[in-house]
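A.B. asks: Under this note's numbering, the first residue of the sequence shown carries the number 187, and numbering increases by one thereafter.
Ideal placement from N, C-alpha and C gives every residue a C-beta, glycine not left out.
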Amino acid sequence: MGCGASNSMSVPSGPSEYRYAVQQTWDKVSKTCDRKSRRKKLVIKRSGWKTIRVFVSSTFKDFHAEREILVKEVFPDLRQWCEKRRLHLVECDLRWGVPKDTTSEETLRTCLGEIDRCYQDNVYPYFLNLTSERCGWIPTHNDVSDSLVREYKWIEGLSVTEMEILHGAYRIDNPNSLFMVRNSTFLKTIPEDHVGDFKDPNPIAAHKLEVLKQMLKTRLKDRVKWYDCEYAGIDEDGKVELNGLQESFCKSVFEFFKNRIEDQYPLSDGTLDPYQQAKEAHESFLKNRGALVLGRKAILERVEKYVTDIGVNNSLVILGGAGTGKSSLMAKTADVSQQMAMAKQIPGGGDSGWHIFYHFVGAVPGSTDLEKALKRLLKELGAVNEATMPKNLETTCQMTCSVLSNTKTPPVLVIIDALNQFDDDKSGTVLRWLPRCLAPQVRVIISMINDTPPHKMLLERSIKPEEILVTPLDMEARKEIVTEMLGKYNKRLDENQISSLLSKESSQNPLWLAVACEELRVFGFFERVTDKINSMKDGLLELLEQVFERFEEENGGQLLVATLCLLETSATGLLETELLQILGDEDNLKPQEKEGKDKDGGREKKSKDIGPLPAAKWAVVFRALKPFLRPFGDSGEGRLDFYHRALSKAVRKKYFDVNTTGVVDQLWWHTKLADFFEQTDNIDRKVEELPIHLLKINNPDKLKDFLMDWKIFDKLYNEEYSTLLLRYWREGCGKTWQTQMENRYQSQLDQIDKSDDPDLQLLARRYEQVARVVNQSGENMKSLALLEKAMKIEQDHLNSRPERMVELYHLAATIYDDKLKLYEYIDPSQLRELRPLIDFARKSIAIRETLEGEIHKYKLGKTLVQMAFNLESWLECGGDNSMSGEEAIEEGQACIDKAIQIFKDLCDDGHLADAIMTAGILLERASDEQLEKYMEALELCLQAYGENSVLTSRLYLNIGILHEDNRRYFEAYDWFIKWQKVSEEVFGYHHPRTQRCRNCLAESRYVYVKRELERRSKIGDSNNPPPDNNIESGDESEEEGDE
187 MGCGASNSMS
197 VPSGPSEYRY
207 AVQQTWDKVS
217 KTCDRKSRRK
227 KLVIKRSGWK
237 TIRVFVSSTF
247 KDFHAEREIL
257 VKEVFPDLRQ
267 WCEKRRLHLV
277 ECDLRWGVPK
287 DTTSEETLRT
297 CLGEIDRCYQ
307 DNVYPYFLNL
317 TSERCGWIPT
327 HNDVSDSLVR
337 EYKWIEGLSV
347 TEMEILHGAY
357 RIDNPNSLFM
367 VRNSTFLKTI
377 PEDHVGDFKD
387 PNPIAAHKLE
397 VLKQMLKTRL
407 KDRVKWYDCE
417 YAGIDEDGKV
427 ELNGLQESFC
437 KSVFEFFKNR
447 IEDQYPLSDG
457 TLDPYQQAKE
467 AHESFLKNRG
477 ALVLGRKAIL
487 ERVEKYVTDI
497 GVNNSLVILG
507 GAGTGKSSLM
517 AKTADVSQQM
527 AMAKQIPGGG
537 DSGWHIFYHF
547 VGAVPGSTDL
557 EKALKRLLKE
567 LGAVNEATMP
577 KNLETTCQMT
587 CSVLSNTKTP
597 PVLVIIDALN
607 QFDDDKSGTV
617 LRWLPRCLAP
627 QVRVIISMIN
637 DTPPHKMLLE
647 RSIKPEEILV
657 TPLDMEARKE
667 IVTEMLGKYN
677 KRLDENQISS
687 LLSKESSQNP
697 LWLAVACEEL
707 RVFGFFERVT
717 DKINSMKDGL
727 LELLEQVFER
737 FEEENGGQLL
747 VATLCLLETS
757 ATGLLETELL
767 QILGDEDNLK
777 PQEKEGKDKD
787 GGREKKSKDI
797 GPLPAAKWAV
807 VFRALKPFLR
817 PFGDSGEGRL
827 DFYHRALSKA
837 VRKKYFDVNT
847 TGVVDQLWWH
857 TKLADFFEQT
867 DNIDRKVEEL
877 PIHLLKINNP
887 DKLKDFLMDW
897 KIFDKLYNEE
907 YSTLLLRYWR
917 EGCGKTWQTQ
927 MENRYQSQLD
937 QIDKSDDPDL
947 QLLARRYEQV
957 ARVVNQSGEN
967 MKSLALLEKA
977 MKIEQDHLNS
987 RPERMVELYH
997 LAATIYDDKL
1007 KLYEYIDPSQ
1017 LRELRPLIDF
1027 ARKSIAIRET
1037 LEGEIHKYKL
1047 GKTLVQMAFN
1057 LESWLECGGD
1067 NSMSGEEAIE
1077 EGQACIDKAI
1087 QIFKDLCDDG
1097 HLADAIMTAG
1107 ILLERASDEQ
1117 LEKYMEALEL
1127 CLQAYGENSV
1137 LTSRLYLNIG
1147 ILHEDNRRYF
1157 EAYDWFIKWQ
1167 KVSEEVFGYH
1177 HPRTQRCRNC
1187 LAESRYVYVK
1197 RELERRSKIG
1207 DSNNPPPDNN
1217 IESGDESEEE
1227 GDE
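As structure tokens, then:
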């Protein structure tokens, strides 16, 4: 520490006396050293994350260049490496941060106290010393108090830098210490007026440095390294620039500390499952973000009240604009809740206590995937195993909703930050997992930006969430945050500097404050800190733009701009390898160049014709952007994307401004990405990105060609429902999308059929798959024509393979079943669909009964239930000469009995409940026996799925219809209300099935019931409604359980 020579010490008058004085000092030093042999190799076992502190010791003026490259290159690279090993790196760089009015003792305690923290965290401090031709400030006897002398064994005559060396490394022969000694030969080429910055004028300095280097080499041996550098000119700030530091200096420092950290904190053996890895990553974010939450006491108290209250059945929503500190607040909430749960301070936890689940969207790899987040929740709660894990997002949402509303679920507090940043944030899916009414032992706390689509959807619910709005920071909290954030790196602002920083209106915003503090932390000119503060833009987006400008100047220019634009334009973020490949075409990274002719005649090179961006260039760009990006996995396989939405807004504002050429520019970047992903061999990434960019640039022809590729089809195809495949056809082809899709796929199938030697097995499978997709699009009869071709190939050329025919027959039955569901009422005309449905179902059942394996047994049970249900519909339609209604019911009863036994054998309570409900449907309509079956099924359903499930909604509907048939309209109304609530929960407010609920309750009889109940409630006579049969109404419902 210290940047000037010392004139404060009374020094000897001649060379021989200098040597003697220095030797006397080091004799005293040697008496304070640890003479014991070094302890055995230190290996620390750990679970979770650990902090690594690196203390940098040197004089300041002469090591400006080295400290700049340490803070802006070496330590960011080392920090990135540490994060992969679940280690937090904190460098202690004391270039500035000790205010001018600080006393000598305070200054000395600051330096040595920081080394004490390194001891506390890492046993042996990670210590880096830079030495050359200056020894720095040598305190006098009056500068060092008696307490300091006793506490640190201070030796009079040592400089502060020497005392740091003693305390941090020399006395204990610290294996984690590195000494980089700069050779002085470069001084011959430095301009005369700058030599004084590198040579100490104190006559004793040369002798002190000579002895210091000898003593270090003798005791610390190979941990003392010499390096060379060259004079490279004077920068705009009047500082000497040096060349040659990358190899001789940077590489040595990085490799030394990487090896020492790896030895002391090795990665644990054994691999974690993906869900446990995700949990640990979120835990790291929790500890990092939750450590500094100031000025939010009132909010935290409200959150604690919600967690500990009895009888809570709604969720708690933390609302606030971008950068208001919601994530830090949620991290603190999770941390405090964990501590309370461990101490059994949350009521209602029973013997097992409360489980705390936390998820920070965008903070760790894969965290924006809603399906993965919910599956992790289900896994942590023990609600699923690998065999029973849901297969897609819709079923995952339904199961989560059921679990969180089920009174048998173990006590759990679910904390999800930045809900609006999930990939599906603009669809109803993002909230479909959250019950409107939570189970008594379930709490859910979510945060989001107010007035986003998820927030508006929550407000549409009948049970409103409790809301807390995160308000701007008060002045006291802002001061504490600045002090803590800079103090972490041993930097401090004086009162005038703090006042200037906090006078800016945007300092009320925690994100603005964090960015500002980070800008100050990496700023290397102590004498210009005040100017730096005054120059900071007042406004979050404006400050981020300013940061981008600095990045452009210091970290890669147009490469950095292109990286920002590519990340913002991408659909799901970009892999590092993808970015490097795109950026490798450095001549084509500006939109305006698209219009002119470049060296290749205006045609961009294909990505396969160029190499990736050199690693050295990318390192400069990545190092700058790293604090603003989502972290990624060990092999770089995760996405690079902006962590905070404010970054996206700032990029759009700066580079895609609608008032300039920004919109055109962004389309250029969409084209750039479309061209890249069109050529990539990575099918998964092509599927994720290419269709989005083709839609953006309105290129339907290429989109159709893309969707016609069978490899793409296989990625987007889903036997239950091909959501994305259908969406891309719908959005890319307009009103006639179904016809275009069918014709295109038919053309592809014709090509396979007309080839010289067609693969008939593949052709039959493709006809089946296309038939399913066309049926999913709503074109039932067209899908049947495609399916018939698959059947013909199987029967004529493939010997009617049982394992294939059973699936084709089942699909045929399903197509007719889907068509029947489009009818509003049961009618005899529906016999024309029921006949082939029943015929195909019988064929499917006959084959399935011959096939072995649990999957076939399970599918057989489902087909039997479907068959029994439609046989009841046959009875309702009156039957015909081929089969009477009574015969249909008899066959249906046999089917449902088999199904019930199958699901009992499989211990599948959910499908058993479905089978029992269907058994009730086969009984006499509106009978007591039917009601008994429905109630038995309902009890089993609630145990298996909870209230919020598809089956529960069907049961509520059927029970309501039963009461309606018996003209018990008030009871029917109660069940239809339940049906509506569950349907809204499971399907969403705007789903056709939910609309059907509202249509039912809008019938005149139920409008009357509602009005009558409200009237009697006002007069206190709601328990004595009028007889149901007095209600006049229109036509009665003629359908039952038709879900």
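My guess is that I1075 and E1058 are in contact by the Cβ rule of under 8 Å, so how many angstroms apart are they, rounded?
C.D. replies: Counting from one through the sequence shown, the residue named residue 1075 turns up at place 889. Counting from one through the sequence shown, the residue named residue 1058 turns up at place 872. I1075 to E1058, Cβ: 7 Å. Contact.
A.B. asks: Since F711 and D379 should fall inside the 8 Å C-beta cutoff, what is the C-beta to C-beta distance between them, to a whole number of angstroms?
C.D. replies: Position 525 of the sequence shown, counted from the first residue, corresponds to residue 711. Position 193 of the sequence shown, counted from the first residue, corresponds to residue 379. At roughly 19 Å, the Cβ-Cβ gap does not stay under 8 Å, so F711 and D379 are not in contact.
A.B. asks: Expressed to the nearest angstrom, what Euclidean distance is found between the alpha-carbon atoms of I496 and Q524?
C.D. replies: The residue labelled residue 496 in the question sits at position 310 within the sequence shown. The residue labelled residue 524 in the question sits at position 338 within the sequence shown. Distance between the alpha carbons of I496 and Q524: 19 Å.
A.B. asks: Along the chain, which unbroken stretches of the alpha helix (DSSP H) at least 4 residues long are found entirely within the stretch 828-888?
C.D. replies: Complete alpha helix (DSSP H) runs here, min 4: 831-841, 848-865, 869-882.
A.B. asks: Which residues in the same chain as V715 place their Cβ atom closer than 8 Å to its Cβ, once the five residues preceding and following it in sequence are excluded?
C.D. replies: Start at 1 with the first residue of the sequence shown, and residue 715 comes out as number 529. Around V715: W282, L679, Q683, L706, F709.
A.B. asks: Give the single residue among S501, E1170, S345, P533 whose Cα lies nearest to the Cα of L605.
C.D. replies: Position 419 of the sequence shown holds residue 605. Minimum Cα distance to L605 is reached at S501.
A.B. asks: Let's test the definition: count the other Cβ atoms within 10 Å of the Cβ of A836 and tell me whether it reaches 16, buried, or not, exposed.
C.D. replies: On the sequence shown, position 650 is the one that residue 836 refers to. Buried, because 16 or more other Cβ atoms sit within 10 Å of the Cβ of A836.
A.B. asks: Identify, in the order they occur along the chain, each residue of the same chain with its Cβ nearer than 8 Å to the Cβ of P533, setting aside the five sequence neighbours on each side.
C.D. replies: Taking the first residue of the sequence shown as 1, we reach residue 533 at position 347. Counting only Cβ-Cβ distances below 8 Å, and skipping sequence neighbours, we find T494, I496.
A.B. asks: Put R562 into one of helix, strand or coil per three-state DSSP.
C.D. replies: Here residue 562 corresponds to residue number 376 of the sequence shown, with the count starting at 1. Note: R562 maps to helix in three-state DSSP.
A.B. asks: Give the DSSP bridge partners of C219, in chain order.
C.D. replies: Reading the sequence shown from its first residue, position 33 is the one you call residue 219. Paired residues: none, contrary to the question.
A.B. asks: For I883, I'd like the list of residues in its chain whose CB is within less than 8 Å of its CB, leaving aside the five on either flank, ordered along the chain.
C.D. replies: Taking the sequence shown and counting its residues from 1, the one referred to as residue 883 is at position 697. Around I883: L853, H856, T857, A860.
A.B. asks: Going by other Cβ atoms of all chains shown within 10 Å of its Cβ, with 16 needed for buried, is I1205 buried or exposed?
C.D. replies: In the sequence shown, residue 1205 corresponds to position 1019, counting from 1. The residue in question, I1205, is exposed, as its Cβ has fewer than 16 Cβ neighbours within 10 Å.
A.B. asks: Starting from the Cα of D1066, find the closest Cα among Q1016, L1037, Y310, E1035 and give me that residue.
C.D. replies: The sequence position of residue 1066 within the sequence shown is 880, counting from 1. The residue with the shortest Cα to Cα distance from D1066 is Q1016.
A.B. asks: Using DSSP bridges, identify the partner residues of W412.
C.D. replies: Looking up residue 412 in the sequence shown gives position 226. In the DSSP output, where bridge partners are listed per residue, W412 has V367.
A.B. asks: For D1151 and I1088, I'd like the C-alpha separation in whole angstroms.
C.D. replies: Residue numbering aside, residue 1151 sits at position 965 when the sequence shown is read from its first letter. Residue numbering aside, residue 1088 sits at position 902 when the sequence shown is read from its first letter. Answer to the nearest angstrom: the Cα atoms are 32 Å apart.
A.B. asks: Thinking just about the alpha-carbon of each residue, which of N904, V956, R1153 is nearest to the one in L579?
C.D. replies: Here residue 579 refers to the residue found at position 393 of the sequence shown. Comparing Cα-Cα distances from L579 to each of N904, V956, R1153, the minimum goes to N904.
A.B. asks: Which same chain residues end up closer than 7 Å to M526 when comparing Cβ atoms and leaving out the 5 residues on each side of it in sequence?
C.D. replies: The residue you call residue 526 lines up with position 340 of the sequence shown. So the list reads I532, once near-sequence residues are dropped.
A.B. asks: Quick check: what's the CA-CA separation for P311 versus E350?
C.D. replies: Walking along the sequence shown from the start, residue 311 turns up at place 125. Walking along the sequence shown from the start, residue 350 turns up at place 164. Looking at the two C-alpha atoms, the distance is approximately 11 Å.
A.B. asks: Look up F1281 in the DSSP assignment and say whether it is helix, strand or coil.
C.D. replies: The requested residue 1281 does not occur in the structure, where the chain is confined to residues 187 to 1229.
A.B. asks: With DSSP as the reference, label K612 as helix, strand or coil.
C.D. replies: Along the sequence shown, read from residue 1 onward, the residue named residue 612 stands at position 426. At K612 the pLDDT is 47, less than 50, meaning the model places this residue with poor confidence; the figure from the coordinates comes in the next sentence. If DSSP states are grouped into helix, strand and coil, K612 belongs with coil.
A.B. asks: C268 and V242 - do their beta-carbons sit closer together than 8 Å?
C.D. replies: Start at 1 with the first residue of the sequence shown, and residue 242 comes out as number 56. Start at 1 with the first residue of the sequence shown, and residue 268 comes out as number 82. Cβ distance not < 8 Å, so V242 and C268 don't count as in contact.
A.B. asks: Start and end of the beta strand (DSSP E) containing Y598?
C.D. replies: For the purposes of this step, residue 598 is taken as the residue at position 412 of the sequence shown. Per the sequence shown, residue 598 should be read as Val rather than Tyr. Taken as a continuous stretch (DSSP letters only), the beta strand (DSSP E) holding V598 covers 598-603.
A.B. asks: Where DSSP assigns a beta bridge to L273, which residues make up the other side?
C.D. replies: The count along the sequence shown starts at 1 and reaches residue 273 at position 87. Answer is K236, bridged to L273.
A.B. asks: Hey, L364 and L314 are a contact pair by Cβ (cut 8 Å); roughly how many whole angstroms apart?
C.D. replies: The sequence position of residue 364 within the sequence shown is 178, counting from 1. The sequence position of residue 314 within the sequence shown is 128, counting from 1. Indeed, because the Cβ distance is near 5 Å, the residues count as touching under 8 Å.
A.B. asks: Report the rounded CA-to-CA distance for R336 versus K803, giving the unit in angstroms.
C.D. replies: As a first step, residue 336 must be located in the sequence shown, where it is residue number 150. As a first step, residue 803 must be located in the sequence shown, where it is residue number 617. Using only the alpha carbons, I get a separation of about 50 Å.
A.B. asks: DSSP beta-bridge partners for V242?
C.D. replies: Position 56 of the sequence shown, counted from the first residue, corresponds to residue 242. DSSP, once it has assigned bridges, lists L314 as partnering V242.
A.B. asks: Which residue marks the beginning of the alpha helix (DSSP H) containing V503, and which one marks its end?
C.D. replies: Mapped onto the sequence shown, residue 503 falls at position 317. That residue, V503, is in no alpha helix (DSSP H); its beta strand (DSSP E) goes 502-505.
A.B. asks: Quick check: what's the CA-CA separation for L811 versus D827?
C.D. replies: Start at 1 with the first residue of the sequence shown, and residue 811 comes out as number 625. Start at 1 with the first residue of the sequence shown, and residue 827 comes out as number 641. For L811 and D827, the distance between alpha carbons rounds to 10 Å.
A.B. asks: In angstroms with no decimal places, state the Cα-to-Cα distance between H468 and G725.
C.D. replies: Your numbering for residue 468 matches position 282 in the sequence shown. Your numbering for residue 725 matches position 539 in the sequence shown. Answer to the nearest angstrom: the Cα atoms are 30 Å apart.
A.B. asks: Relative to the alpha-carbon of L344, which residue among R272, V426, Q209 has its alpha-carbon at the smallest distance?
C.D. replies: Residue 344 sits at position 158 when you count from the first residue of the sequence shown. Nearest C-alpha to L344: Q209.
A.B. asks: Since L1046 is in the alpha helix (DSSP H), which residue starts that stretch and which ends it?
C.D. replies: Residue numbering aside, residue 1046 sits at position 860 when the sequence shown is read from its first letter. Start and end: 1040-1062.
A.B. asks: Based on Cα-Cα distance, which residue from E864, L697, L1006, Q947 lies nearest to L833?
C.D. replies: Residue mapping note: residue 833 aligns to position 647 of the sequence shown, counting from 1. Comparing Cα positions, the closest option is L697.
A.B. asks: Thinking R664 and E754 are a contact (beta carbons under 8 Å), I'd like their distance in whole angstroms, please.
C.D. replies: Translated into the one-based positions of the sequence shown, residue 664 becomes position 478. Translated into the one-based positions of the sequence shown, residue 754 becomes position 568. Actually they are not in contact, since the Cβ atoms of R664 and E754 sit about 30 Å apart, beyond 8 Å.
A.B. asks: Quickly, what does DSSP pair F546 with across the bridge? List them, please.
C.D. replies: If you number the sequence shown from 1, residue 546 lands on position 360. Paired residue(s): D603.
A.B. asks: Assuming the contact rule is C-beta atoms closer than 8 Å, K227 and D408 should be a hit. Round their C-beta distance to whole Å, please.
C.D. replies: Counting from one through the sequence shown, the residue named residue 227 turns up at place 41. Counting from one through the sequence shown, the residue named residue 408 turns up at place 222. Incorrect: roughly 16 Å between the Cβ atoms, too far for contact.
A.B. asks: With the cut-off set at 8 Å, would you say M671 and A700 are in Cβ contact?
C.D. replies: The sequence position of residue 671 within the sequence shown is 485, counting from 1. The sequence position of residue 700 within the sequence shown is 514, counting from 1. Going by C-beta atoms, M671 is nearer than 8 Å to A700.
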